[in-house]
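J.: Below you will find the structure I want to go over with you.
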Amino acid sequence: MEEGNLDDVAARVGGQISQNRNSRVLTIEPGKLRDACKFLIDEMPDFYHLSTVTGFDEGKTIGVIYHFWKGKEFLSIKTSVPKENAILNSVSDILPASILYEAEVKDLLGVEFKGNRMTLQRLILPDAYPPEAPPPLRKEADPEKIRKMMELE
Amino acid sequence: MSYLTRWSRKRSIWVFPVNAASCNGCDIEILASLTPRYDAERLGVEVVASPRHADVLLVTGTANSMTRGILKKIYEQMPEPRLVVAVGACALGAGVMRGCYNVGHGVDKVIPVNLFIPGCPPRPEAILFGILKLVGEHPRGQVVAKEQIGKVSTTEHEEGEK
Amino acid sequence: MSDKGNNSPISGEEGSAKREVSAGLMQYSPENLMPFGPVHPALHEPEYFKLILEGEVIVDAIPRIGFVHRGIERAAQDRTWIKNIYLFERICGICSFAHSLSYVQAIEGILQFEVPKRARYIRVIVAELERIHSHMLWLGLVGYWTGFDTLFMWIWKDREHVLDLIEAITGNRVHKSYNTISGVRKDLPENISEPIKREMAYIQDRIRYYRDLVSREETLVVRTRGIGKIDAETARKLCPVGPLLRSTGIARDVRTEDPYAAYDEIVPEVKTSSQGDVASLLTLRADEVLESCRLILLALEKMPSGPTKLTAPRSVPKGENAFHVEAPRGELFYYIRSPGGITPERVKIRTPTMANVLTATSMLKGYTLADVPVVLTGMDPCFGCMDRISVFEVDKEKQWSVRGEDLRQYGISHYKTKKL
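Chains as they are written, first to last, in our numbering: chain X, 900 to 1052; chain Z, 3 to 164; chain H, 28 to 447.
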């Protein structure tokens, strides 16, 4: 595989590249996400494969990673958004495969994806999930309390 | 030949398997018990496509918040007398999933259960044994009445094979 | 939860503009709607598909997934690394070994463990046995849904031979509980190579027969040829994985592109097909079973001696790792973050069905209602896998749906923007 992919993207949109075992991670500003994904796809016009979109709670922020798989490596684009104002621009129009993965992140971690129509309503969680409870994968969420609220006991 | 086998040969036991948030393991073992190696059909056990035709409901899985309503509805659709078998550790009490935020701790909290088959997943032999034992031990007509849905007593469970 | 959106995901210009992108969201009237599921004889798992019909023809399919959602990813954060192996195995009863394989290898990456060579070979053997059993299960089910019960019974009878081998090696039929961090939990039993060779010869023999059968048996051909077609262009866009992707002619397989376990030494040949319909999936999966048989025999032949596991520490240092394996249904992705301790901070799992479901809904379009079971089975759905944490639905508005008053009330309260 060509080494240059992420370097090119980094040169165009900024951000740092780090090597983490089998993945090369490009950390960028939230606002640059769309540009970065677009450049990356243009770099791999023959075939890109979006493995998934991961979200995780970093304490004060929520990290979102787009994992692209190419050859023996993952090319990952990572960004983080503050918890109180977790809004990102969706890439589901340029990357159709991401529409479900973003919806998953939205429901489990409460990150809004602007432009992804599947996130306009509650998508992931069961109908009975209490709206007042925090999204289940945030650190403040307590499974036992949620169980009680859902009357599963 | 035992009374049990003779009994089940005379009658036919129609079962309807329901997956109430199971991992598939129990479901494929239920299907496997129908196939030539175990051949449940020689005992008259047959899977039907609608709960309205079923004598026995085979429930797998933890009955989470999405499936418990469906489960109740399916139970109500079954003709009387109806028998319910909870198959697998998840149906008995959530098994390894215990404590997850969206699992019920046991199918018996949702509908009355006549028999529990433990195992993760139970072997096809165990499932067959359970179904036959159930039908042999519970003569038709002595099963839980419709009004008792959701308020099953603990003695009910002890009759089952825990 | 978020009723702030002014434009509903179904109606509106935006929806129609991005129709193909979003698994087909478009305007429709309730009269054309056909609910499929959640409990349906054609799906052994509870899932709900809303089919929009024009006469008999499916214009659109909208899935509502999440009936098997249990919250495993959250539960994993409270359990130790070792306990989680057995939790993740129980995500899915069919590809449980693939789940544990991906998980432990992700941890081994963080620990920078060199897994003993013998353990890596044994992992290949069990993983391939699981692939055979999964593919045979699927071939049988296609027979079942097309009304060809004999095929179902025959294949499931032969599948028991594979399960016997799995049981002999791992001790369990379904949830193998065989992997552990740093290797496999026990060595192969003595004198196992004789039974493996015998059964592999039997399986190969039978699969060759079935492969021939499915390509010319009239009842199957009529139901599957040209049904559920996808082309490579759609596949590129929607990123499906596994046999569904390879049936469009794209040779993409984690085992060859990014070898794990011992796949760098036991190199599989990637099978593809170019038709992209259910019939080609049938022969493709049969080919993959034959290939798996070859790999098992090869691994058995080259099997090195030595230990099968090392002593692994209980805690994992700080770090993160992404790992994927080729499960029977395709790429299975794990991403783990360790805070440095005995429990993980985050485990993200993306299962093959989650990646394939968009493609499956686009496969349904244009075919008749009678084809739904075949096409849905064609993608080899494993909703147990998919729903462990990830669910999606398109809308909640089911006021006129068959499912009763409680849903109706819920739908009304939750979906106010829809113009009926």
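Using N, Cα and C, we set each Cβ at its ideal position, and we do this for glycine too.
#1: Would you say X:Leu999 faces chain H, with C-beta separation under 8 Å as the test?
#2: Which residues in the same chain have their Cβ closer than 7 Å to the Cβ of H:Ile112, if we skip the five residues on either side of it in sequence?
#3: So, helix, strand or coil for X:Asp1041, using DSSP?
#4: From which residue to which residue does the beta strand (DSSP E) around H:Lys224 run?
#5: Looking at H:Gly98 and H:His202, is the spacing between their C-beta atoms short of 8 Å?
#6: For H:Val241, which residues in the same chain have their Cβ closer than 6 Å to its Cβ, ignoring the five residues on either side in sequence?
#7: At a CB-CB cut-off below 9 Å, which residues of chain H make contact with X:Phe1042?
#8: Label X:Ile986 either buried or exposed according to how many other C-beta atoms from any shown protein chain fall within 10 Å of its C-beta, with 16 as the threshold for buried.
#9: With H, G and I counted as helix, E and B as strand and the rest as coil, what does DSSP make of X:Asn1015?
#10: For the candidate residues H:Asp304, H:Thr283, H:Glu296, whose alpha-carbon lies nearest to that of H:Ile448?
#11: Is X:Thr960 helix, strand or coil by DSSP?
#12: Can you list the residues of chain Z that X:Arg1046 reaches, using a CB-CB cut of under 7 Å?
#13: Give the secondary structure of Z:Leu36 by DSSP, where H, G and I count as helix, E and B as strand, and everything else as coil.
#14: Provide the residue span of the beta strand (DSSP E) that contains X:Ile986, from first to last.
#15: Quick one: is H:Tyr361 buried, meaning 16 or more other Cβ sit within 10 Å of its Cβ, or exposed?
#16: Quick check on H:Phe419 - is its C-beta less than 8 Å from some C-beta in chain Z?
#17: Identify whether H:Arg250 lies in helix, strand or coil by the three-state DSSP scheme.
#18: Tell me, please, whether the CB atom of H:Gln426 is closer than 8 Å to any CB atom in chain Z?
#19: Measure the beta-carbon distance from X:Pro1025 to Z:Asn26 and round it to whole angstroms, keeping in mind my assumption that it falls under 8 Å.
#20: Return yes when the Cβ of H:Met406 is within less than 8 Å of the Cβ of H:Thr386, no when it is not.
#21: My parser needs the alpha helix (DSSP H) runs of 4 or more residues fully inside the region 296 to 342 of chain H; what are they?
#22: Assign Z:Pro81 to one of two classes, buried (16 or more other C-beta atoms within 10 Å of its C-beta) or exposed (fewer than that).
#23: Measuring only between beta-carbons, confirm whether H:Lys375 sits less than 8 Å from chain X.
#24: Report yes if the C-beta distance between X:Ser997 and X:Val952 is below 8 Å; otherwise report no.
#25: Mapping the DSSP letters down to three states, classify H:Gln104 as helix, strand or coil.
#26: Strictly by DSSP, which residues pair up with Z:Pro114?
#27: Establish whether the CB of H:Asn199 and some CB of chain X are separated by less than 8 Å.
#28: Taking all protein chains shown into account, decide if H:Ser123 is buried (16 or more other Cβ within 10 angstroms of its Cβ) or exposed.
#29: Do we get a CB-CB distance below 8 Å when we pair Z:Pro114 with the residues of chain H?
#30: So, at 8 Å on beta carbons, what are the nonlocal neighbours of Z:Ile76 in its own chain, with the 5 sequence-adjacent residues on each side left out?
#31: What do you reckon, are the CB atoms on X:Ser975 and X:Ser922 nearer than 8 Å?
#32: Could you name the residues of the same chain whose beta carbon sits closer than 7 Å to that of H:Leu323, not counting the 5 residues immediately before and after it, in chain order?
#33: In the DSSP assignment, the alpha helix (DSSP H) including X:Pro998 goes from what residue to what residue?
#34: Going straight from the alpha carbon of X:Ser950 to that of X:Ile1045, what length do you get?
#35: Pull out every residue of the region 165 to 199 of chain H whose Cβ sits closer than 7 Å to any Cβ of chain Z, in chain order.
#36: Three or more beta-carbon pairs under 8 Å between the region 208 to 220 of chain H and the region 258 to 275 of chain H, yes or no?
T.: The answer reads as follows:
#1: Taking Cβ atoms only, chain H reaches closer than 8 Å to X:Leu999, which makes this a yes.
#2: Counting only Cβ-Cβ distances below 7 Å, and skipping sequence neighbours, we find Ser127, Tyr130, Val131, Asn206, Thr207.
#3: Here X:Asp1041 carries a coil assignment [DSSP, helix/strand/coil].
#4: Bounds of any beta strand (DSSP E) do not take in H:Lys224; it lies within the alpha helix (DSSP H) bounded by 220 to 243.
#5: Result no, Cβ atoms of H:His202 and H:Gly98 do not sit closer than 8 Å.
#6: If we look at H:Val241 and ignore the five residues flanking it on each side, its Cβ neighbours are Leu247, Leu309.
#7: Looking at the sequence provided, one finds Pro at residue 1042 of chain X rather than Phe. Ordered by position in chain H, the residues that pass the 9 Å Cβ test against X:Pro1042 are Gly98, Arg101, Ala102, Asp105.
#8: By the 10 Å Cβ count, X:Ile986 comes out exposed.
#9: X:Asn1015 falls in the coil class under three-state DSSP.
#10: Nothing about residue 448 of chain H can be read from this structure; chain H reaches only from 28 to 447.
#11: Assignment of X:Thr960 by DSSP, reduced to helix, strand and coil, places it in the strand class.
#12: For X:Arg1046, the chain Z residues whose Cβ falls inside 7 Å of its Cβ are Tyr103, in order along the chain.
#13: DSSP places Z:Leu36 outside both helix and strand once states are collapsed to three, so it counts as coil.
#14: Note, X:Ile986: beta strand (DSSP E), 986 to 988.
#15: Answer is buried; the Cβ neighbour count reaches 16.
#16: Confidence at H:Phe419 is low in this model, with a pLDDT of 29, below 50, so the placement of that residue is unreliable and no value is reported for it.
#17: Looking at H:Arg250 - three-state DSSP - the assignment turns out to be helix.
#18: Here the model assigns H:Gln426 a pLDDT of 26, short of 50, so the residue's position is not dependable and the matter cannot be decided.
#19: Contact between X:Pro1025 and Z:Asn26 fails: their C-beta atoms lie close to 19 Å from each other, not under 8 Å.
#20: In contact: H:Thr386 and H:Met406 (Cβ atoms closer than 8 Å).
#21: Correct list: 305 to 329.
#22: Z:Pro81 comes out exposed.
#23: Chain X, which has a Cβ nearer than 8 Å to the Cβ of H:Lys375, makes this yes.
#24: Against a cut-off of 8 Å, the Cβ pair of X:Val952 and X:Ser997 comes out as a contact.
#25: DSSP places H:Gln104 in coil when its eight states are reduced to three.
#26: For Z:Pro114, which the question treats as bridged, DSSP gives no partner whatsoever.
#27: Taking CB atoms only, H:Asn199 has no neighbour in chain X less than 8 Å away.
#28: H:Ser123 is classed as buried because its beta carbon has at least 16 other beta carbons within 10 Å across all chains shown.
#29: So no, Z:Pro114 is outside the interface.
#30: Cβ neighbours of Z:Ile76 beyond the five flanking positions: Phe18, Val20, Pro53, Leu59.
#31: Yes, Cβ-Cβ distance for X:Ser975 and X:Ser922 is below 8 Å.
#32: According to the sequence as given, residue 323 of chain H is Ile; it is not Leu. Taking C-beta separations shorter than 7 Å and ignoring five residues to either side along the sequence, the partners of H:Ile323 in its chain run Ile152, Glu155, Leu156, Ile223, Met227, following chain order.
#33: The sequence as given places Ile at residue 998 of chain X; Pro does not occur at that position. Under the DSSP assignment, X:Ile998 falls in the alpha helix (DSSP H) whose first and last residues are 997 to 1008.
#34: If you take the alpha carbons of X:Ser950 and X:Ile1045, they lie about 30 Å apart.
#35: Residues passing the 7 Å Cβ filter: Met180, Trp183, Lys184, Glu187.
#36: Three or more beta-carbon pairs separated by less than 8 Å are not found between the region 208 to 220 of chain H and the region 258 to 275 of chain H, which leaves the two stretches without contact.
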